[in-house]
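Inspection log for the structure reproduced underneath, given as structure tokens.
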Amino acid sequence: DDVRRIAFASVSNDPSVVCAGQDTVADCIALVRRRIVEMRAVGKGGLLPLVAVPGCAAHLRDVAAFVNGDVDDDRILELVGPLMALDWAAVDRGGPPHAPDDATPARGLELDALYASVRLCHLPAPISMRAGTFTVRIDPEAIARLASGDLAAAIRVCARRLVSSGLIPIVREGASSPALARRLAASLAFPIDHAGVAHCVDLALKRSSPSSLDLTRRLP
Numbered sequence: 003d004d005v006r007r008i009a010f011a012s013v014s015n016d017p018s019v020v021c022a023g024q025d026t027v028a029d030c031i032a033l034v035r036r037r038i039v040e041m042r043a044v045g046k047g048g049l050l051p052l053v054a055v056p057g058c059a060a061h062l063r064d065v066a067a068f069v070n071g072d073v074d075d076d077r078i079l080e081l082v083g084p085l086m087a088l089d090w091a092a093v094d095r096g097g098p099p100h101a102p103d104d105a106t107p108a109r110g111l112e113l114d115a116l117y118a119s120v121r122l123c124h125l126p127a128p129i130s131m132r133a134g135t136f137t138v139r140i141d142p143e144a145i146a147r148l149a150s151g152d153l154a155a156a157i158r159v160c161a162r163r164l165v166s167s168g169l170i171p172i173v174r175e176g177a178s179s180p181a182l183a184r185r186l187a188a189s190l191a192f193p194i195d196h197a198g199v200a201h202c203v204d205l206a207l208k209r210s211s212p213s214s215l216d217l218t219r220r221l222p
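The working numbering runs 2 ahead of the 1-based position in the sequence shown.
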């Protein structure tokens, strides 16, 4: 058979490889935590360096489905390899694919202020507004608490980060199942776009906060 088969190199001994390909939630959490560690190692630990190719960011209704456990985790793992094999630079050059106009999750798949608070504390860029630019720097304790299933502690950490960044969070306490806490942590592996961030701002921050003003700069 002359057909060449595509194979992925084995890097099981590489300490930088943290995704085992066995559990979607565990792999997503490991990826996020690794990126945070890498950025802190080079003195750039304030922001999360996970940015989508333009037009390929996760839609909030899909994030909501993932957080709620309404997706096929095994199917996600099956798609990881083929997606990694794509030439994403070519996808970028070809222009963004069509995306839904409305960033708001569909009815029954609502994202609440808990997700929004966590997401705003794990962005790849500052939030630029008419009132100024707000950089919400990452506190690794938040993802550690989520990964351990302690949503209440994670939300307290995120609330402190928002307040210290000059913003006024709606939620300062929260509770849910350990499984949902871990899925919230895992959802941070899926970058969202400017519209998604704006929706999170509306969900997570009080109207009296400067963040209630319109965003004026798109995230990368």
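Cβ atoms here follow ideal geometry from the backbone N, Cα and C, with glycine treated the same way.
- Counting the other CB atoms within 10 Å of its CB gives Arg184 a total of 16 or more, which places it among the buried residues.
- In the assembly as shown, Leu88 is an exposed residue. Its beta-carbon has fewer than 16 other beta-carbons within 10 Å.
- Assignment of beta-bridge partners to Ser130 by DSSP yields Thr135.
- By the C-beta density criterion, Arg63 is buried, having at least 16 other C-beta atoms within 10 angstroms.
- A direct Cα-Cα distance of roughly 21 Å separates Leu49 from Ala133.
- Looking at the DSSP output, Pro171 shares a beta bridge with Leu207.
- Under the three-state reduction of DSSP output, Val69 falls in the helix class.
- Counting C-beta pairs closer than 8 Å gives fewer than three between the stretch 168 to 185 and the stretch 80 to 87, which falls short of the contact rule.
- Between Ser167 and Phe192, the CB-CB gap reaches or exceeds 7 Å.
- Boundaries of the alpha helix (DSSP H) harbouring Ser119: Ala115 to Leu122, taken from the DSSP string.
- Counting the other Cβ atoms within 10 Å of the Cβ of Arg147 gives 16 or more, which makes it buried.
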